[in-house]
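Student: Those protein sequence lines, which keep their order, are chains W and H. Counted from 1, the first sequence has number 215 at position 215 by the UniProt record's numbering; the numbering is strictly sequential. Counted from 1, the second sequence has number 130 at position 130 by the UniProt record's numbering; the numbering is strictly sequential.
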Amino acid sequence: MKVQSAMFYFPEEVIEHIFSFLTHHPDRNTVSTVCKAWYKIERLSRCEVFVGNCYAIRPDRAAARFPGLRSLTLKGKPHFADFDLVPPDWGGLAGPWIEAMARSCPNLEELRMKRMVVSDESLELLVHAFPNFKALVLVSCEGFSTDGLAAVARSCKSLRELDLQENEIEDRGPRWLNSFPDMCTSLVSLNFACLKGEVNLKSLERLVCRSPNLKCLRLNRAVPVETLAKIMNQCPNLEDLGTGSLLADQFSEAYVSLISALQKCKKLRSLSGFWDASPLCLLAVYPICANLTGLNLSYAPTVQGQDFINLIQHCVKLLRLWVLDSVGDKGLAVVASACKELQELRVFPSDLFAAGPATVTEEGLVAISTGCPKLNSLLYFCHSMTNSALITVSKNCPNFTRFRLCILEPRKPDPATNEPLDEGFGAVVKTCKNLRRFSISGLLTDQVFYYIGKYAKALEMLSIAFAGDTDQGMTYVLNGCKNLRKLEIRDCPFGDGALLADVTKYETMRSLWMSSCDISLRGCKALATKMPSLNVEIINEWEAEMEENLNNGVAEVISNNNNKHINNGNDERKVEKLYVYRTVGGPRTDAPDFVWTL
Amino acid sequence: MSVETERSSTESDVSGLDYEETALTLGIPGGARATGAELERKRGFSRTVDLTSRIGASEDRSDESPDTNTAGSAKAPAPKARVVGWPPVRNYRKNALKSSNKYVKVAVDGAPYLRKVDLEAYGGYEELLSALQEMFSCFTIRNYPNEERKLVDPIHGTEYVPTYEDKDGDWMLVGDVPWKMFVDACKRLRLMKSSEATNLGLILLLLNSLLFELERRSSACFIIIFFSLSFLFV
Chain W
1 MKVQSAMFYF PEEVIEHIFS FLTHHPDRNT VSTVCKAWYK IERLSRCEVF VGNCYAIRPD
61 RAAARFPGLR SLTLKGKPHF ADFDLVPPDW GGLAGPWIEA MARSCPNLEE LRMKRMVVSD
121 ESLELLVHAF PNFKALVLVS CEGFSTDGLA AVARSCKSLR ELDLQENEIE DRGPRWLNSF
181 PDMCTSLVSL NFACLKGEVN LKSLERLVCR SPNLKCLRLN RAVPVETLAK IMNQCPNLED
241 LGTGSLLADQ FSEAYVSLIS ALQKCKKLRS LSGFWDASPL CLLAVYPICA NLTGLNLSYA
301 PTVQGQDFIN LIQHCVKLLR LWVLDSVGDK GLAVVASACK ELQELRVFPS DLFAAGPATV
361 TEEGLVAIST GCPKLNSLLY FCHSMTNSAL ITVSKNCPNF TRFRLCILEP RKPDPATNEP
421 LDEGFGAVVK TCKNLRRFSI SGLLTDQVFY YIGKYAKALE MLSIAFAGDT DQGMTYVLNG
481 CKNLRKLEIR DCPFGDGALL ADVTKYETMR SLWMSSCDIS LRGCKALATK MPSLNVEIIN
541 EWEAEMEENL NNGVAEVISN NNNKHINNGN DERKVEKLYV YRTVGGPRTD APDFVWTL
Chain H
1 MSVETERSST ESDVSGLDYE ETALTLGIPG GARATGAELE RKRGFSRTVD LTSRIGASED
61 RSDESPDTNT AGSAKAPAPK ARVVGWPPVR NYRKNALKSS NKYVKVAVDG APYLRKVDLE
121 AYGGYEELLS ALQEMFSCFT IRNYPNEERK LVDPIHGTEY VPTYEDKDGD WMLVGDVPWK
181 MFVDACKRLR LMKSSEATNL GLILLLLNSL LFELERRSSA CFIIIFFSLS FLFV
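This is the structure in structure tokens:
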């Protein structure tokens, strides 16, 4: 009792100082709910804000709550937008956020966005509204061009970081690199690997020359070996390098200078790129392999077979490895024997339609788990998987926090026993107590969901495709996974019963996605009615149908801004795509015609 | 792909004939009949003959389909039905990994058979010409001051001009456009004898005029042109 009231007599500055040790945003969210005083102190002192769903709160409200905001992270479209399941123009616009920040948070220094639509105009506004702007990180975004990049380069006096990962950027020419002013010497990290077009090589060399602090540089495919060698001679302190095109002649000057330049880079820890890599250029890389902690060969289909083996066996300190399945089970076996410290492995498919010869199978994964017991993060695309393999893997590696397995053929059973893979995935959730992210595939019944609900107590994100038998499957998950934040489901036989089994659960989650399932408009309407704090959005392809019905005078259309609501009594219609998320911002004001908020 | 089928249905509608069968081409007599698409691309000549207006005649006739090429070369029977968004791989990654082999035919005037080269294997024009030089083993590269590159047969002194057929079916001089653009657009290569290149240009020019005059039924001009033509063949 005495201690409790003593807290209230601490001056605000002291409490603020205590809060400054809390950097993890969930912790800050928690302390802000203790009492009004703490809410106020916390919000005025918070510098880094993470908004996992850009529609969960109105930009103005976020800006008003955190006036001292210096770093903002935003996520827009649902995850399945990465796989073409969300129509274009769905939303996730960065513009309103940048405008709101421009009005209320002039100290903004960093902006990180994922799956959002950013226009060139927004980028212009960004650099002019925030005089201290330092870092821009865009992942899987779209809507802008190299003109926007030119604006960022031109106007940021002290730009430290420009990181573009896997974005769709319209190429309007190579001149954007010239836009970095001569006095710009502050660059620490530059990543333009996802740009498809040419770059001005001379400008690039000059930029690197005048950036003594450069630690991370990721080039795109258009940068040849000659330029790479020149650049590396300029920055021997580079820690993270993404090469351009690694195609060079054996006796060319470029190749020779590349070798000597690489050897000078003693601090190099992470390598990526390897576009069109010839075996010869790989030889140049061997001397630095021993110190590498990160290696990304997932865009290098030419690095396979013995070339891959020769390379990877030197990488004894590797923590993170991304490869293509063309390295085969054999390649993975060598990884297992060489990379004992491995923590993260991603194996991507080189042939997307499973029409080629089997490349990696359960054998490769078992080998890895045997050789790399520290493995905690896995993304594995394969042709087949067995229950016994999964059970072995989970015994060998009980530390998984992220486990994503994608068997290329939907609903494929265990080829050895012809049974579903329930037991295998069940073993993973039983042994890996810290599992936070889980993606499952292959033939699966409700049983696997029983296991998930029962054992995966730490689970935060679950992705399901082509799995389950009845509503009970989804219900197990909703009832059992206490920490579930994101649930995304496609092509599963879950219906209204599952959707409405525990409606208050969705308030504890960030979002739910269901597509090609068995839910109906009636079920979605019921959910919307019961839970007004959720946005229940339907993406519908009924427009064409609606037009037809209108012409026939069948439907009665009630228009309400962007919300068209058909009342022709056919609530039994199946809903193709459903996106449900909690929000304090009310229904979206920028929803396109094909998105209905119920 | 849909562009192509659209186009061919328009044509047969317009002419009422099976266009492929009636198309004039330049080709070895009795040579293997190519598919409709290839026939179309054979010669600009066939295009000048066809006087009916053809909207979209120069539309992109890309017949490449990297996905089906790689799938077709695999051992599996039929490609499986593709599900939207499966496997869950980002578009960026899918596009980046598209088959990067671009094999095109190389024909050399006077050589008994053709060769094939993978354009993706070269970093630029220099490398390509060196490779061609090696392949046909009798040329050396001669660089002209106006940056035209020609391959020369040192024994006979004949010059060869590297030309390529682009997506529109036009024959272009190699070297004008940036390398990547060239790789994307090039369908086949032909090392044309310099002398023939000039002659061919003249022939086409005259034939164009001939047909134009035919339309106007001006027989006087017809005779003049006919005589000019005959001189060429001397």
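Think of the CB as a built atom: it goes at the ideal place given N, C-alpha and C, for glycine as much as any other residue.
Determine the direct distance from the alpha carbon of residue 248/W to that of residue 515/W, and round the result to whole angstroms.
Tutor: 47 Å
Student: Which same chain residues, not among the five before or five after residue 415/W, have their C-beta less than 8 Å away from its C-beta?
Tutor: 384, 386
Student: For residue 18/W, report the span of its alpha helix (DSSP H) as first-last.
Tutor: Residue 18/W -> alpha helix (DSSP H) spans 12 to 19.
Student: By DSSP, does residue 107/H sit in helix, in strand, or in coil?
Tutor: strand
Student: How is residue 333/W classed by DSSP in three states: helix, strand or coil?
Tutor: It is helical.
Student: Look at residue 328/W and residue 360/W and say whether their C-beta atoms are less than 9 Å apart.
Tutor: A contact, by the Cβ cut-off of 9 Å.
Student: Would residue 251/W be called buried (16 or more neighbouring beta carbons within 10 Å of its own) or exposed?
Tutor: exposed
Student: Hey, does residue 83/H have any beta-carbon neighbour from chain W nearer than 9 Å?
Tutor: yes
Student: Check the C-beta distance from residue 187/H over to residue 84/H and give it rounded, since I have them as a contact under 8 Å.
Tutor: About 31 Å separates the two Cβ atoms, so there is no contact after all.
Student: Between the C-alpha atoms of residue 182/H and residue 161/H, what's the straight-line distance to the nearest angstrom?
Tutor: 16 Å
Student: Taking 9 Å as the CB-CB cut-off, is residue 406/W touching chain H?
Tutor: yes
Student: Which residues, taken in chain order from the stretch 122 to 145 of chain W, show a beta carbon closer than 7 Å to some beta carbon of chain H?
Tutor: Here the close residues are 140.
Student: Which of helix, strand or coil does DSSP assign to residue 631/W?
Tutor: With chain W represented from 1 up to 598, any question about residue 631/W goes unanswered, as that position is not in the structure.
Student: Roughly how many whole angstroms lie between the Cα atoms of residue 69/W and residue 105/W?
Tutor: 6 Å
Student: Is the stretch 385 to 403 of chain W close to the stretch 333 to 340 of chain W, with three or more CB pairs under 8 Å?
Tutor: no
Student: Is residue 224/H close to chain W, meaning its C-beta is less than 9 Å from at least one C-beta of that chain?
Tutor: no
Student: Would you identify the three-state DSSP class for residue 198/W, choosing helix, strand or coil?
Tutor: coil
Student: If you scan the stretch 250 to 303 of chain W from start to end, which runs of the beta strand (DSSP E) of 3 or more residues do you find wholly inside it?
Tutor: 270 to 272, 294 to 296
Student: When DSSP labels each residue in this structure, what does residue 485/W get in the three-state scheme?
Tutor: coil
Student: For the alpha helix (DSSP H) holding residue 247/H, just list the boundary residues, first then last.
Tutor: Residue 247/H lies beyond the residue range present for chain H, which begins at 1 and ends at 234; the question has no answer from this structure.
Student: So, is residue 521/W buried or exposed, given that buried needs 16 or more other C-beta atoms within 10 angstroms?
Tutor: buried
Student: Within its chain, find whatever has a CB closer than 6 Å to the CB of residue 308/W; leave out the 5 residues flanking it on each side and keep chain order.
Tutor: 327, 331
Student: Name the residue from 195/H, 90/H, 179/H whose alpha carbon lies nearest to the alpha carbon of residue 120/H.
Tutor: 179/H
Student: With a 10 Å radius around its C-beta and 16 neighbouring C-beta atoms as the bar for buried, classify residue 65/H as buried or exposed.
Tutor: The predicted position of residue 65/H is uncertain, since its pLDDT is 37 and thus under 50; a value taken from the coordinates is nonetheless stated next. By the 10 Å Cβ count, residue 65/H comes out exposed.
Student: To which residues of the same chain is residue 215/W closer than 6 Å at the C-beta, ignoring the five residues directly before and after it?
Tutor: Excluding residues up to 5 positions away in sequence, 188, 239 lie with their Cβ nearer than 6 Å to the Cβ of residue 215/W in the same chain.
Student: I'd like the list of long-range same chain contacts for residue 76/W, defined as Cβ closer than 6 Å, with 5 residues on each side in sequence excluded.
Tutor: 54, 92, 115, 116
Student: Using a beta-carbon distance below 9 Å, is residue 214/H in contact with chain W?
Tutor: no
Student: Residues of chain H with CB under 8 Å from residue 82/W, in chain order?
Tutor: Within chain H, the residues near residue 82/W are 88, 90, 91.
Student: Rounded to whole angstroms, what's the CA-CA distance from residue 499/W to residue 472/W? Just pull it up for me.
Tutor: 10 Å
Student: Under 8 Å by Cβ, that's how I've got residue 164/W and residue 192/W pegged, so tell me the actual separation to the nearest angstrom.
Tutor: With a Cβ gap of about 6 Å, residue 164/W and residue 192/W count as contacting.
Student: Do residue 466/W and residue 410/W have their CB atoms nearer than 9 Å?
Tutor: yes
Student: Excluding sequence positions up to five away, which residues of its chain have a Cβ less than 6 Å from the Cβ of residue 237/W?
Tutor: 267
Student: Does the beta carbon of residue 187/W sit closer than 9 Å to a beta carbon anywhere in chain H?
Tutor: no
Student: Mind checking which residues open and close the beta strand (DSSP E) that includes residue 429/W?
Tutor: Where residue 429/W is concerned, there is no enclosing beta strand (DSSP E), although the alpha helix (DSSP H) it sits in stretches over 422 to 431.
Student: Taking a contact to mean a Cβ-Cβ separation below 9 Å, would you say residue 512/W touches residue 539/W in this structure?
Tutor: With respect to the 9 Å criterion, residue 512/W and residue 539/W are not classified as neighbours on the basis of their beta carbons.
Student: Give me the Cβ distance between residue 502/W and residue 478/W, rounded to the nearest whole Å; I'm assuming they're in contact under 8 Å.
Tutor: 5 Å
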